[in-house]
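Take a look at the structure set out below.
There are 2 protein chains.
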Amino acid sequence: MAMTLDEILPDLRRQSVDVRHAETGLWAASMLRDRISAGQLAPGAKLSEEPLCEVLGVSRNTLREAFATLAGEHVVTRIPNRGVFVARPTADDIREIYRVRRFLEPAALTWSTASPTDALHAAIARARAARRDGSVPGMASANQDFHAGVVALTRSDRLNAQMTQVLAEMRLVFHSMVADPLFHAPYIDDNAVILAKFEAGERAAAAALMVDYLRRAEQQLLEAHARA
Amino acid sequence: MAMTLDEILPDLRRQSVDVRHAETGLWAASMLRDRISAGQLAPGAKLSEEPLCEVLGVSRNTLREAFATLAGEHVVTRIPNRGVFVARPTADDIREIYRVRRFLEPAALTWSTASPTDALHAAIARARAARRDGSVPGMASANQDFHAGVVALTRSDRLNAQMTQVLAEMRLVFHSMVADPLFHAPYIDDNAVILAKFEAGERAAAAALMVDYLRRAEQQLLEAHARA
DNA sequence: TTAGGCTCGATTGTTGAACAATAGTTGGAA
DNA sequence: TTCCAACTATTGTTCAACAATCGAGCCTAA
């Protein structure tokens, strides 16, 4: 699954030919972001400038603009005079991620004015289907969709962007350790209960359950991280 | 107060001589950020590349790295092939800012585990002193410190960064319209009440007061914005 | 007079090459 | 073996050039 830089170079080159666009720097950033998110570039992998520009067909200057963008998103770590690396989340990073989520998600459940829950139901249905099929990536993805959907209730672009970023880092966490196939399974039903409470108007209860959920998930992830 | 680009060029040049550092792009970004935050570069002002590099003593490439950083912080707006401008918050931006604050700040009051309130008391004291002296900037600054301090209760770097960014945009809002000298004054006592409730352990009440406070402030700001 | 279109100039977008600065490595001497 | 010094590869930064795009001013035609 996780490959080194050299292995995906041909793949990247294929998508780069014949593409012209405004804002090349942003395009290059999204190109790399996608690869990292998909786990094709493992955490800790070094992103050397020279081969990357060659393959993306952009200059070093433009590539560095992309690096600046990704560094701002914590997707990539820049070590002066050493280079740019795919971020490798530490235990502290995991704690920070869940700190953010433990404020954002309960707040969304508590104070959102809009409440279109179709997307949330759909996410749960997808998670259950994935569990039935034994698809771990399917469960992970559907679970992320659910929690992103909770924050989407806020209707705030900024908060959604923050959540998107945090979830991207969650994927890095999963990519940087052997994933327990059973990690996501038990949480699916928790999500369903939270949603039910929310729709019943018991927002405080839904928020409390969410806090509890997030604490357990954080704990489990920290233990797995310590083992790795 | 608010000057155009040409007027602060000499000033910028003065601070730029003889400064060497790692990460020049970030340094240039902070240089511009400070000027914008202080209101020396008014919202809507155009940041031309050529004079700016000349004055900061950096190349266009480095300056563009700085622009990428600032654009990510919404401090600056980039219009393709037109250039970079100091962001001019719209009414929608104001709504978005308060949307973020209405989730972040009550959440901090509700679910923070730590609660060192010294900084909050200090901010209120400073606000009262400023009100006594009739210092509008003093009240504005102290008020921002109070609300930043509330979010600081979360102990989350990300949430604090988000709040810092939002407050920077708030300053842009104030800079882009004639400030009512009495805007901040009445809110100082609201802050004090919120803090008292929080320290009394009545977190839900504190959060509810905060939501109310933010709604009123948003409303007042939107009306002032419509007039401008 | 004025609407529409054209050219021109200025500024941004992107590139390639150059040089400086730094980290890691290699090789040699004690 | 250990330590220190040159060496090498890569990053940090600058520069100069060219392409792409926008806006202004001008010209023409109804």
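From first to last, the protein sequence lines stand for chains A and B.
Residue 238 is where the first sequence ends in the working numbering, and the numbering goes up by one at each step.
Residue 238 is where the second sequence ends in the working numbering, and the numbering goes up by one at each step.
In this text, a Cβ means the ideal position worked out from N, Cα and C, and glycines have one as well.
Sequence-distant residues of the same chain with beta carbon closer than 7 Å to residue i, five excluded per side
| i | result |
| --- | --- |
| arginine 165/B | Ala124 |
| histidine 185/A | Ala12, Gly49, Ala52 and Pro53 |
| lysine 207/A | Ala215, Ala216 and Leu219 |
| leucine 232/B | Ala101 and Ile104 |
| alanine 234/A | Met187 and Asp190 |
| arginine 112/B | Val221 and Leu224 |
| alanine 167/A | Checking the displayed sequence, the identity of residue 167/A turns out to be aspartate instead of alanine. None. |
Burial state of residue i (16 or more Cβ within 10 Å)
| i | result |
| --- | --- |
| aspartate 155/B | buried |
| valine 29/A | For valine 29/A, the pLDDT reaches just 48, beneath the cut-off of 50, and the residue's location in the model is therefore unreliable, leaving the point undetermined. |
| threonine 72/A | buried |
| serine 58/A | exposed |
| leucine 192/B | exposed |
| valine 27/A | Caution is warranted here: a pLDDT of 44 is assigned to valine 27/A, below 50, making its placement in the model unreliable, and the coordinate value is therefore given only provisionally. Valine 27/A should be labelled exposed. |
| proline 61/B | exposed |
| arginine 92/A | exposed |
| leucine 15/A | With a pLDDT of only 48 at leucine 15/A, under 50, the local geometry of the prediction cannot be trusted, and the value read off the model is given with reservation. Per the 10 Å Cβ criterion, buried. |
Beta-carbon proximity of residue i to residue j, cut-off 7 Å
| i | j | result |
| --- | --- | --- |
| leucine 169/B | valine 160/B | no |
| valine 85/B | alanine 76/B | no |
| proline 126/A | alanine 217/A | no |
| isoleucine 10/B | alanine 202/B | Chain B is shown from 11 up to 238; residue 10/B falls before or after that span and cannot be answered. |
| glycine 82/B | glycine 82/A | yes |
| leucine 205/A | leucine 130/A | yes |
| glutamine 229/A | glutamine 172/B | no |
| threonine 79/B | alanine 139/B | no |
| proline 99/A | leucine 163/A | no |
| arginine 142/B | methionine 149/B | no |
| arginine 225/A | threonine 120/A | no |
Closest by C-alpha distance to residue i, when choosing among the options
| i | options | result |
| --- | --- | --- |
| serine 151/B | Phe113/B, Val203/B, Leu62/B and His194/B | His194/B |
| alanine 227/B | Val85/B, Met41/B, Leu57/B and Asn153/B | Asn153/B |
| proline 6/A | Arg237/A, Val188/A and Arg92/A | Here chain A comprises residues numbered 11 to 238, so residue 6/A is not present and cannot be evaluated. |
| threonine 34/B | Arg70/B, Glu60/B and Pro61/B | Arg70/B |
| aspartate 199/A | Asp190/A, Ala238/A, Ala214/A and Arg136/A | Arg136/A |
| alanine 118/A | Met220/A, Ala234/A, Ala238/A and Ala139/A | Met220/A |
| glutamate 179/B | Ala38/B, Trp37/B and Asp44/B | Asp44/B |
| threonine 87/B | Lys56/B, Leu62/B and Glu64/B | Lys56/B |
| isoleucine 46/B | Phe95/B, Glu233/B and Val65/B | Phe95/B |
| tyrosine 197/B | Glu209/B, His157/B, Ala215/B and Phe208/B | His157/B |
| leucine 66/A | Gly93/A, Leu36/A, Asn91/A and Arg92/A | Leu36/A |
| glutamate 209/A | Met41/A, Glu64/A and Ser122/A | Ser122/A |
| aspartate 190/B | Ala238/B, Thr174/B and Asp167/B | Ala238/B |
Residues near residue i by beta carbon distance below 6 Å, same chain, minus five either side
| i | result |
| --- | --- |
| isoleucine 89/B | none |
| valine 176/A | Ile107 and Val110 |
| tyrosine 223/A | Asp200 |
| methionine 41/A | none |
| alanine 132/B | none |
| glycine 144/A | none |
Residues near residue i by beta carbon distance below 8 Å, same chain, minus five either side
| i | result |
| --- | --- |
| alanine 236/A | Ala101 |
| arginine 74/B | Glu59 |
| cysteine 63/B | Ser69, Arg70, Thr72 and Leu73 |
| serine 174/A | For the sequence presented, residue 174/A should be read as threonine rather than serine. Contacts found: Ala158. |
| aspartate 128/A | none |
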